[in-house]
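Below is one structure, written out as structure tokens, with a few remarks after it.
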Amino acid sequence: MSQKPRSPEAVDEERRQYETGSTTLKELDEEYPYRPKNHSRTFLFSELYQGLFDRLNENKKKPSGPNVHRAKLGPHGSNKISPHEQRRSIIEQFFSRWRTEVGNDIYPAMRLIIPSQDRDRTVYGLKENAIGKLFVKILKIDRNSEDGKALLRWKDPGQRVSSMAGDFSGRCHEVISRRPILMDPGDMSIADVNVMLDKLSAASGEKEQLPLLESFYHRMNADELMWLIRIVLKQMKVGATEKTFLNIWHADGDTLFNVSSNLRRVCWQLHSPNIDLNGRQSQIELFQIFQPQLAQFQFSGTFQKMVDVLTRSHRSETDNDFWIEEKLDGERMQMHMQKDDTVRGGMRFAFWSRQAKNYTYLYGNGFFDQKSSLTRHLRDAFLPEVTSIILDGEMVTWDMDIDKIMNFGTLKTAALAAQKNPFDQTGPRPLFRVFDILYLNDNDLRQYMLRDRRAALERAVKGVHRRLELHPHETATSPEVIEPALRTVVANASEGLVLKDPRSVYTLNSRNDDWIKVKPEYMDDLGENVDVVVIGGYYGSGHRGGRLSSFLCGLRPTKNDIRAGVNPETCFSFCKVGGGFKGEDYQQILEMTEGKWHDWDRKKPPSEYVILGGGEARQAERPDKWIRPSDSFVISVKAASATTSDQFAKLITLRFPRFKGLRLDRTWDSALDYDEFMTLRKRMEEAAEGKTMQMEKKRARASKRVKKEVVIAGQEAETPAVFEGPQSKVFQNLKFCVLSDSTNPRKSKAQIEAFIKENGGAISQKAEVGSEMILLADKKVVKVASLIKAGEVEIIRPKWVFDCLAEGNNYVLPYEPVHLFHATDGLRDWAQDNVDEFGDSYARNFSLKELRDLLMDMPKKEIDYEPFDKQLFVNQLEEHGHDLGNLKCHMFRRNVVYFAAGESISPIRVLKFRNWVQFGGGIVSEDLDDISVTHVVVVGADEQNERDLSAGVRTVISQRTPVPRVVTQLWLKECWKESTLLDEERYAPA
Numbered sequence: 001m002s003q004k005p006r007s008p009e010a011v012d013e014e015r016r017q018y019e020t021g022s023t024t025l026k027e028l029d030e031e032y033p034y035r036p037k038n039h040s041r042t043f044l045f046s047e048l049y050q051g052l053f054d055r056l057n058e059n060k061k062k063p064s065g066p067n068v069h070r071a072k073l074g075p076h077g078s079n080k081i082s083p084h085e086q087r088r089s090i091i092e093q094f095f096s097r098w099r100t101e102v103g104n105d106i107y108p109a110m111r112l113i114i115p116s117q118d119r120d121r122t123v124y125g126l127k128e129n130a131i132g133k134l135f136v137k138i139l140k141i142d143r144n145s146e147d148g149k150a151l152l153r154w155k156d157p158g159q160r161v162s163s164m165a166g167d168f169s170g171r172c173h174e175v176i177s178r179r180p181i182l183m184d185p186g187d188m189s190i191a192d193v194n195v196m197l198d199k200l201s202a203a204s205g206e207k208e209q210l211p212l213l214e215s216f217y218h219r220m221n222a223d224e225l226m227w228l229i230r231i232v233l234k235q236m237k238v239g240a241t242e243k244t245f246l247n248i249w250h251a252d253g254d255t256l257f258n259v260s261s262n263l264r265r266v267c268w269q270l271h272s273p274n275i276d277l278n279g280r281q282s283q284i285e286l287f288q289i290f291q292p293q294l295a296q297f298q299f300s301g302t303f304q305k306m307v308d309v310l311t312r313s314h315r316s317e318t319d320n321d322f323w324i325e326e327k328l329d330g331e332r333m334q335m336h337m338q339k340d341d342t343v344r345g346g347m348r349f350a351f352w353s354r355q356a357k358n359y360t361y362l363y364g365n366g367f368f369d370q371k372s373s374l375t376r377h378l379r380d381a382f383l384p385e386v387t388s389i390i391l392d393g394e395m396v397t398w399d400m401d402i403d404k405i406m407n408f409g410t411l412k413t414a415a416l417a418a419q420k421n422p423f424d425q426t427g428p429r430p431l432f433r434v435f436d437i438l439y440l441n442d443n444d445l446r447q448y449m450l451r452d453r454r455a456a457l458e459r460a461v462k463g464v465h466r467r468l469e470l471h472p473h474e475t476a477t478s479p480e481v482i483e484p485a486l487r488t489v490v491a492n493a494s495e496g497l498v499l500k501d502p503r504s505v506y507t508l509n510s511r512n513d514d515w516i517k518v519k520p521e522y523m524d525d526l527g528e529n530v531d532v533v534v535i536g537g538y539y540g541s542g543h544r545g546g547r548l549s550s551f552l553c554g555l556r557p558t559k560n561d562i563r564a565g566v567n568p569e570t571c572f573s574f575c576k577v578g579g580g581f582k583g584e585d586y587q588q589i590l591e592m593t594e595g596k597w598h599d600w601d602r603k604k605p606p607s608e609y610v611i612l613g614g615g616e617a618r619q620a621e622r623p624d625k626w627i628r629p630s631d632s633f634v635i636s637v638k639a640a641s642a643t644t645s646d647q648f649a650k651l652i653t654l655r656f657p658r659f660k661g662l663r664l665d666r667t668w669d670s671a672l673d674y675d676e677f678m679t680l681r682k683r684m685e686e687a688a689e690g691k692t693m694q695m696e697k698k699r700a701r702a703s704k705r706v707k708k709e710v711v712i713a714g715q716e717a718e719t720p721a722v723f724e725g726p727q728s729k730v731f732q733n734l735k736f737c738v739l740s741d742s743t744n745p746r747k748s749k750a751q752i753e754a755f756i757k758e759n760g761g762a763i764s765q766k767a768e769v770g771s772e773m774i775l776l777a778d779k780k781v782v783k784v785a786s787l788i789k790a791g792e793v794e795i796i797r798p799k800w801v802f803d804c805l806a807e808g809n810n811y812v813l814p815y816e817p818v819h820l821f822h823a824t825d826g827l828r829d830w831a832q833d834n835v836d837e838f839g840d841s842y843a844r845n846f847s848l849k850e851l852r853d854l855l856m857d858m859p860k861k862e863i864d865y866e867p868f869d870k871q872l873f874v875n876q877l878e879e880h881g882h883d884l885g886n887l888k889c890h891m892f893r894r895n896v897v898y899f900a901a902g903e904s905i906s907p908i909r910v911l912k913f914r915n916w917v918q919f920g921g922g923i924v925s926e927d928l929d930d931i932s933v934t935h936v937v938v939v940g941a942d943e944q945n946e947r948d949l950s951a952g953v954r955t956v957i958s959q960r961t962p963v964p965r966v967v968t969q970l971w972l973k974e975c976w977k978e979s980t981l982l983d984e985e986r987y988a989p990a
């Protein structure tokens, strides 16, 4: 459907709809002089959802995999393309049509396509429950009717058979479809929807929100309303990331968004594909929000493998350390500060969270801000020479009374209290823990190594005790120090650890192996299982929608509780368990408890049987259903550790609990009570302390070992090596002058000279310009600067030396642009001829890091490098302590699997199992002697064959600590079928 050109007056009227708050068109023109102007009105909203959302949704359902992602010939000779390519094609078609029929201003549509990145529109203050209540009133239905319950209790399966249980927008679609105002799509344009959504975001309370949603209902059909609700909830689920949309609109779209977090700026500044970003525009700037670097998710394997991955790009024999930092339970925050004489005190501040929410109102805009909870205390935090700075860190709550960090949920309360009582030296207060510096005195520091940025941070920031502090780190060279550090932070109820490569640069909006998270769940499970009674249930969403998918477990009352008058059948909420169940378990639970579950009534909670955290007033972790303990059942749970929590009745809970099995041999009154659990916890802590002491002793013994070191004549003592003649003749007849140290890889001048001499080269300490001598430098030291100033000189980076040696051939490599520190135009042209258009070398093999950087820098139309779709969602779950095992692509993430297959077993059969493990984030080992193996899967022709294979395996692994789990192939099949990691004991070979 083509768009009809409109009169200039009509187009101008639609442009006026950009006005938000106090911003006028004149102000927008001043701030964005390059702002494009559409020649026609925007598409109808129905064209957006039909032409883009629905098509992407349908494409998402198509199978994908290694074979699908290669173009192949169809049965009639047609060329089929993969879902990935089809997704790009769908988006490109929509954008192309917009440019042709509307104009170059895509911002109105992009606000609805990726609403989570629209910073210009404030939050709506509407979640599923609030929207459900509003639509009950709009549709004029009884809240106790089936449709009323479907909206208000959308996770509940209800009486009608529905595939939408657990999908709120789908539930709304079902209910509205039965009583629509419009059957066909309405007449609202994309611009109309934006205007209404601006009003909805500004609305305060139900009185103002209700008429706006009612207006949408009268002007949209059920399909349009479903997508509108997804936009309001910012849950689009179309199978494409923001990076994909931005980079298809413009090749530099994601780059500009990373440094600005400004969707409007990306759409307006890069309105044409012919516009290129200059170097300055891709840099971070003061008071411009950037997308911070993130830590990689924890992966399967040993701590040793984790360290190898962390340091593989930069590690050398003399520089192999890594950093260990505590992962803080706070809010990621960036602080910008600049000298500003118009502000009292001379310094202006701004604070933004990772989600680009402005918190300056809370923490302060200057030293004399009367509403500040933080900046008023920072007058002595910086050196006088600091005129501008950007810091990256974590805002946490520090309790001065107990001198420790409090839970994340207390942060805003503590900040508001500090605003009212700024000089109170007791109680909770906000504390900014800084772990990185990105900008200092008008210089972007992202390309400097982490250790150099840390040095700059320590020189620029003095800090203020318990207000702004530098986050400490431990330097380590062995993975043996990780587990003791992890046990220490677990004991302090911390989030975990972050491992960092000190040689790494800062990469915006990236989750790479330079930073790796280590969660407590990586540790061994609790020494003993915990048997608890189920007292409540929660309906699931997604593929578990429509049934109780997780359960609230409780501790029985102690003897002292009963003496104090507590009903012996009362149980105290203790933990929520959702991972590890399979379909058979759910079915067995349903059969055992049919007719025994009761709806939770918040006004009349069943306090005689179930006590929640915070009591009747707060009812923390309130379940959808509850069950009387004497009607219930006992389950066995395993977990990473125990921790304190005010979300549960006894102020204690389990971290990362997982279902192990039903305890049908136990009655509810034989489950653990509080005293019994505390005794068990003490025993586990003593065992963990003993293990830590053993590891400390092992480290102490290792540190006493004498290391063999050799010394180069004339070299500093701290750089060991010895020269015993050439190891190769690659530099024979070549003469070098080394002018500075190397930064990549990090080597001293003496070390570089040693490598050259060891491989046949000659060294001179005097630079001879104009001769055949090769001058090497990586830094603009005084000597190098003098040579450059004197005239035409060619200086090569030491990287060229290391690249020649890495190839292992007896000839030198031709220069490439990456090898040139300073060169004439002729040499630069010649070096450019030695690489292809993307920078790939014709003469040498790339390292993994070089290859990754090459792919990242390729034009986006060639390679669409984008993160896995679910990662942001998974990160949010993990940050809030949720278990990831229910996601199929993560369920084997801590497992290293060895397959023991019988001789008659087809390799294809084993290959299928291997693919399952690897898709689920696990590692397949080819060696049974590999000490990192956690599971041995026995694949036999029959039960007898499995028993024989198992016996042979156990002989090999019996002396290990811990002993790998030996399971049959049925364990793997059931885990895959149920999309969760199941307990192994049920699948041990008979």
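Take the sequence shown: its position 784, counted from the start at 1, is 784 in UniProt numbering, and no numbers get skipped. Backbone N, C-alpha and C define an ideal beta-carbon position, used for all residues, glycine too. Just so it is clear, the structure is predicted and the values come from calculations on it, not from any experiment.
Tell me the DSSP bridge mates of residue i?
i           : result
residue 358 : 352
residue 428 : 399
residue 763 : 736
residue 746 : 743
residue 899 : 937
Using the beta-carbon count (16 or more within 10 Å), is residue i buried or exposed?
i           : result
residue 260 : buried
residue 994 : With the chain running from 1 to 990 in the structure shown, residue 994 is simply not present.
residue 641 : buried
residue 848 : exposed
residue 931 : exposed
residue 782 : exposed
residue 906 : exposed
residue 994 : Because the chain spans 1 through 990 in this model, residue 994 falls outside it and cannot be assessed.
residue 949 : buried
residue 838 : exposed
residue 221 : buried
residue 174 : buried
residue 602 : exposed
residue 217 : buried
residue 488 : exposed
residue 423 : exposed
Thinking just about the alpha-carbon of each residue, which of the options is nearest to the one in residue i?
i           : options               : result
residue 841 : 904, 800 and 644      : 800
residue 472 : 901, 919, 321 and 327 : 327
residue 375 : 331, 107, 429 and 385 : 429
residue 757 : 743, 636, 116 and 734 : 734
residue 37  : 46, 103 and 96        : 103
Would you check whether the ligand MN has a heavy atom nearer than 7 Å to the C-beta of residue i?
i           : result
residue 109 : Of ligands this structure carries none, so the ligand MN is not represented either.
Under 6 Å Cβ to Cβ from residue i, same chain only, skipping five residues before and after it: list those, please.
i           : result
residue 275 : none
residue 169 : 226, 229 and 230
residue 864 : Confidence at residue 864 is low in this model, with a pLDDT of 46, below 50, so its placement is unreliable and the value that follows should be read with caution. Cβ within range, chain order: n/a, list empty.
Return no unless some Cβ of chain D is closer than 8 Å to the Cβ of residue i.
i           : result
residue 129 : No chain D is part of this structure, which consists of one protein chain only.
Skipping 5 residues on each side, what residues in its chain have a beta carbon closer than 8 Å to that of residue i?
i           : result
residue 410 : 397 and 428
For residue i, collect the residues of the same chain with a Cβ closer than 7 Å to its Cβ; drop the 5 residues on either side in sequence, then sort them by chain order.
i           : result
residue 916 : 972 and 976
#### Entry: In chain order, each beta strand (DSSP E) run of at least 3 residues that lies wholly inside the segment 769–820
774–776
### Message
My parser needs the alpha helix (DSSP H) runs of 4 or more residues fully inside the segment 614–648; what are they?
### Response
615–618
### beta strand (DSSP E) runs wholly inside the segment 277–332, at least 3 long, in chain order
294–296 and 322–327
### Query
Could you give the uninterrupted runs of the alpha helix (DSSP H) lying entirely in the segment 523–610, keeping only those of 4 residues or more?
559–563 and 583–593
### Task
Entirely within the segment 453–477 and at least 4 residues each: give me those alpha helix (DSSP H) ranges in chain order.
none
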